[in-house]
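In my numbering, the protein residues as written are 810 to 1254.
Just so it is clear, CB atoms sit at the ideal spot from N, CA and C, and this is done for glycine as well.
Predicted model only: the values in this text are computed from it and were never measured.
Spelled out as structure tokens, the structure:
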């Protein structure tokens, strides 16, 4: 494979300067770690309180200025009912009488429990139980509504059951699960296609609209199994899991001989529209859901799909520490670009490690070799990252592994210095978090 046309490839002098800068920062982080300063207990408590402050700044203002609409518009202290806008780049077929589904509240339920605010959690659950309805004339994106509303309701239900004895009024009687089941039943008409692949769009009240587009993405029909599978397990109604699994199996059957999938396809014909794909937009959650479905449901079928797909990605999409797009039919590179949605990949790699053969050596080499997504972040972000790198390098101080680690970090930092855009995507931080947790488990700390 020919080398990518890196417009930002570092000249030798600049590369050396970057290397020295990195080593200096790493040395500082290492010294902090050794002396017990760095990100110790005091720093972690400070950051925890900062997170609490930031969350309630957003949540309280949403509840004040936007609730029960979908989202807050912070600059104008107003709201937007955005459920029909999600995934709708051209803002087509927007509803006239849709007044929101308290989307931000639904998505915040699990955070309220994690933060220990069971009082506000209970208040939110009871409001949703009494007021939320999906009998609305709104055309929604199946993928977006699934991960946000259906997923939020299911996780909220599970948490409400787990903490039911701690809720003040103890009035929870599976109301969120009933709402989730009502929403899930409105998804099912989307799957009524010759292929079993679902339409990307469906009207919550009227089903699939006349002349609806038949184009969807790999993520759109391959990232439904977690929520719909969980809904079936919780309700005893197998239709939801069966529909999502049929779609996933059909999608997997459409892979190429290289075990690669494309980006977009037609749900009626089962033919690919866009053959070029990568680990970014339109495909990303397909890989994520395979490994998570295996963890959640335990079926070897999900593991077999993930393992084959993962090996294909590593073989055909990866170039050094970078991932480009490639033609699913040939494996030839098509687009050399970094996108924010690729940032989930390091976290996926770390999450998948416990289920791979040869845990210890594989785990160490994987962490050492290209887990860091190239993004521009504030200095304290890189200080924290380098501190984690120090621990990993210190734990696995052996020849080639150290060289690979430093090589990948140099490439990453070089991109961060020279990139013009700032990618503050949540998956960047999630990947770093997963790496940090994995490191603690490896070190036994």
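Own chain partners of residue i with C-beta closer than 6 Å, once the 5 adjacent residues on each side are dropped
i: residue 984; result: 938
i: residue 1154; result: 1088
i: residue 1059; result: 1004, 1005 and 1006
i: residue 1144; result: 1134
Beta-carbon spacing of residue i, residue j below 8 Å
i: residue 947; j: residue 913; result: no
i: residue 1121; j: residue 1067; result: yes
i: residue 1258; j: residue 957; result: One cannot answer for residue 1258 here, as it falls past the ends of the chain, which runs 810 to 1254.
i: residue 1310; j: residue 1009; result: Past the edges of the chain, shown from 810 to 1254, lies residue 1310, and the structure says nothing about it.
i: residue 998; j: residue 1076; result: no
i: residue 1132; j: residue 1071; result: no
i: residue 965; j: residue 918; result: yes
i: residue 1000; j: residue 1039; result: no
i: residue 1115; j: residue 1105; result: no
i: residue 950; j: residue 1033; result: no
i: residue 1148; j: residue 1090; result: yes
i: residue 1137; j: residue 1084; result: yes
i: residue 1055; j: residue 1107; result: no
i: residue 991; j: residue 943; result: yes
i: residue 988; j: residue 1035; result: no
i: residue 1103; j: residue 1118; result: no
i: residue 1069; j: residue 1156; result: no
i: residue 866; j: residue 927; result: no
Start and end residues, beta strand (DSSP E) containing residue i
i: residue 881; result: 880-882
i: residue 975; result: Residue 975 -> no beta strand (DSSP E), and no H or E assigned at all.
i: residue 1074; result: 1073-1075
i: residue 1144; result: 1142-1144
Buried or exposed (CB count within 10 angstroms, at least 16 for buried), residue i
i: residue 1125; result: buried
i: residue 906; result: exposed
i: residue 1101; result: buried
i: residue 1062; result: exposed
i: residue 1212; result: Here the model assigns residue 1212 a pLDDT of 38, short of 50, so the residue's position is not dependable, and the following value carries that caveat. Exposed, since its Cβ has fewer than 16 Cβ neighbours within 10 Å.
i: residue 962; result: buried
i: residue 1094; result: buried
i: residue 1045; result: exposed
i: residue 1027; result: buried
i: residue 872; result: buried
i: residue 1057; result: buried
i: residue 1031; result: buried
i: residue 1078; result: exposed
Terminal residues of the alpha helix (DSSP H) in which residue i lies
i: residue 956; result: Segment: none, residue 956 is in no alpha helix (DSSP H) and carries neither H nor E.
i: residue 873; result: 850-874
i: residue 1090; result: Run containing residue 1090: none; DSSP gives neither H nor E here.
i: residue 936; result: 927-940
i: residue 996; result: 984-996
i: residue 999; result: Careful: residue 999 lies outside any alpha helix (DSSP H) and carries neither H nor E.
i: residue 1040; result: 1034-1044
i: residue 922; result: 912-923
i: residue 1060; result: 1048-1062
Cut-off 8 Å between Cβ atoms - residues of its own chain near residue i, not counting five sequence neighbours on either side
i: residue 861; result: 924
i: residue 879; result: 888, 889, 890, 891, 892, 909, 910, 911, 912 and 913
i: residue 898; result: none
i: residue 1050; result: 1034, 1037, 1038, 1040, 1041 and 1042
Bridge partner(s) assigned by DSSP for residue i
i: residue 1128; result: 1131
i: residue 889; result: 880
i: residue 948; result: 1012
i: residue 1264; result: A question about residue 1264 goes unanswered here, because the residues of the chain that appear run from 810 up to 1254.
i: residue 1081; result: 1074
i: residue 1136; result: 1085
Same chain, Cβ closer than 7 Å to residue i, neighbours up to 5 away in sequence not counted
i: residue 922; result: 930, 968 and 972
i: residue 935; result: 980
i: residue 882; result: 888 and 889
i: residue 868; result: 917
i: residue 1016; result: 998
i: residue 886; result: 874
Short CB-CB distance (under 8 Å) between residue i and chain C
i: residue 898; result: Here chain C cannot be found, since the structure has a single protein chain.
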